[in-house]
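K.L.:
Quick one: the structure is below, and I'll ask about it shortly.
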Amino acid sequence: MGTMNQMSGTRRLTTMLLIVMGSTMAVAPALAQSTDLLARIKTSGVIRIANTQASPPWSMLDEKNQLTGYDVAMAEELARRMGPFKVKFVGDTYKNFVEGLKTDKYDLVMNDMTPTEIRRKQVDFSIPYGVEVFRIFVRKDNSDIMSKATLAGKRVGVSTGSSNESWAREHLTDSDIRGYDNGALIFNDIANGRIDAVIISHFGGMKYAHAKGIPVKEVGEPLTYQLAAAALPKGQDALKDAVNKVLDSMLSDGTVERISNQFVGKDYKMLDSIAAAKAELAAEGK
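What follows is the structure, encoded as structure tokens:
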């Protein structure tokens, strides 16, 4: 009888411990999100900013293995004006960015990040400070695909978790959309004939085409403009306001255009393109 009572007590204790552990694990993310990130950044003097480090001209490693690019320069100037704060860059992928913010892996994401409706439900965004033009890429010997309309029934590659995947799944419902974790793999597959087309930004497509020596071409008109903004955890209004204030000043005083000229190219009018993207959204009622 005593042994049975001891065993029963042990089982009850184990159950209670499991309940407590489960509750603690469930509450942890919520506690992380309730932290005042701006106050913590001011105390530590460090702001953690995520990027892919493999997305020219937005973020990439140069020949000396140093991080550089449009978003990198924007992030560094943002941190200088907000603090100044030291930037700790964290390398990650598009499919992980939202979860990384929700689990306190970093404070901001600045890497050509489009504020899609799906993402807005989970994280907040700053005002836009960049824009991308998305195009169709096909093999140079492909004469079947010339526009969005001719993608029906075709195998179309996109980067998993990216805004181009969201756009493709919404607008290319008659196509076979295939997600890839690595942009280089998409272009390997188009070279090998496993897919027929790629939906990607102009810069992304040219990067992979040149790096791999793959004979591809852009076809048709631009599919869409997609604004880029800094992403941050939900409920961090003080941080969001501080970021927006600095970005607004950088847009107004010529800093954004100067950084764009340096990393994106003088032919790419960043402010004009941002205005065009906003007009497109307004026309769509978004």
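Mapping of the sequence shown onto mature numbering (1 follows the signal peptide of the UniProt record, and there is no 0): residues -32 to -1, 1 to 254, in sequence order.
We treat Cβ as the ideally placed atom computed from N, Cα and C, and that holds for glycine.
How far does the beta strand (DSSP E) with Val91 in it reach, from first residue to last?
P.N.:
Looking at the DSSP string, the run of the beta strand (DSSP E) that includes Val91 is 91 to 107.
K.L.:
Determine the direct distance from the alpha carbon of Val166 to that of Asn212, and round the result to whole angstroms.
P.N.:
If you take the alpha carbons of Asn212 and Val166, they lie about 34 Å apart.
K.L.:
Measure the CB-CB distance between Met81 and Phe57 and report whether it falls below 8 Å.
P.N.:
Taking 8 Å as the Cβ cut-off, Met81 and Phe57 do not qualify as a contacting pair.
K.L.:
Would the beta-carbon of Val99 fall within 8 Å of that of Ile242?
P.N.:
In this structure, Ile242 lies closer than 8 Å to Val99 by Cβ.
K.L.:
Is Ile17 helix, strand or coil by DSSP?
P.N.:
Of the three classes helix, strand and coil, the one that applies to Ile17 here is strand, per DSSP.
K.L.:
Tell me the DSSP secondary structure of Val214 in three-state form.
P.N.:
In this structure, Val214 counts as helix in the three-state DSSP scheme.
K.L.:
Can you find the residues in the same chain that come closer than 8 Å, C-beta to C-beta, to Thr128, ignoring five residues on each side of it along the sequence?
P.N.:
These residues qualify, in order along the chain: Tyr62, Lys63, Gly147, Tyr148, Asp149.
K.L.:
Got a sec, what are the start and stop residues for the beta strand (DSSP E) Met28 sits in?
P.N.:
Its beta strand (DSSP E) spans residues 27 to 29.
K.L.:
Across the segment 82 to 92 and the segment 32 to 50, are there enough close Cβ pairs to call them in contact, namely three or more that are closer than 8 Å?
P.N.:
Contact fails: fewer than three Cβ-Cβ distances are below 8 Å.
K.L.:
If we require 4 or more residues per run, which alpha helix (DSSP H) segments fall completely within the segment 224 to 254?
P.N.:
Those alpha helix (DSSP H) runs which fall completely within the segment 224 to 254 and span 4+ residues are 238 to 251.
K.L.:
To which residues does DSSP link Gly147 through a beta bridge?
P.N.:
Paired residue(s): Val126.
K.L.:
Taking the straight line between their C-alpha atoms, what separation do you get for Asp92 and Ser130?
P.N.:
Between Asp92 and Ser130, the C-alpha separation is close to 16 Å.
K.L.:
Thr118 by DSSP, collapsed to three states: which one?
P.N.:
DSSP places Thr118 in helix when its eight states are reduced to three.
K.L.:
Where does Lys185 fall in DSSP's three states?
P.N.:
DSSP places Lys185 in strand when its eight states are reduced to three.
K.L.:
Once DSSP output is grouped into helix, strand and coil, what is the label at Leu46?
P.N.:
Correct three-state label for Leu46: helix.
K.L.:
Between the alpha carbons of Phe231 and Val126, how many angstroms are there, rounded?
P.N.:
For Phe231 and Val126, the distance between alpha carbons rounds to 24 Å.
K.L.:
Under a Cβ-count criterion, where at least 16 other Cβ atoms within 10 Å of its own Cβ denotes burial, should Ser23 be classed as buried or exposed?
P.N.:
So Ser23 counts as buried.
K.L.:
Note down, in chain order, each residue of its chain lying with its Cβ closer than 7 Å to the Cβ of residue 314, except the 5 sequence neighbours on either side.
P.N.:
The first residue shown for the chain is -32 and the last is 254, placing residue 314 beyond what the model contains.
K.L.:
Below 8 Å, can you find three or more Cβ-Cβ pairs linking the segment 160 to 179 to the segment 100 to 115?
P.N.:
Segments in contact, yes.
K.L.:
Mark Asp205 as exposed unless 16 or more other C-beta atoms lie within 10 angstroms of its C-beta, in which case mark it buried.
P.N.:
Exposed.
K.L.:
Taking all protein chains shown into account, decide if Ala251 is buried (16 or more other Cβ within 10 angstroms of its Cβ) or exposed.
P.N.:
Exposed, because fewer than 16 other Cβ atoms sit within 10 Å of the Cβ of Ala251.
K.L.:
So, does the segment 70 to 78 touch the segment 32 to 43, judging by three or more C-beta pairs under 8 Å?
P.N.:
The segment 70 to 78 vs the segment 32 to 43: in contact.
K.L.:
Report yes or no: do the segment 130 to 144 and the segment 191 to 199 share at least 3 C-beta pairs separated by less than 8 Å?
P.N.:
These segments touch.
K.L.:
Residues in the same chain with beta-carbon distance under 7 Å from Trp26, minus the five sequence neighbours each way, listed in chain order, please.
P.N.:
The answer, listed in chain order, is Gly37, Tyr38, Asp39, Asn79, Asp80.
K.L.:
Which residues does DSSP pair with Ala199 in a beta bridge?
P.N.:
Val77, Phe93.
K.L.:
With DSSP as the reference, please indicate the residues paired to Lys56 in a beta bridge.
P.N.:
DSSP lists Arg16 as partners of Lys56.
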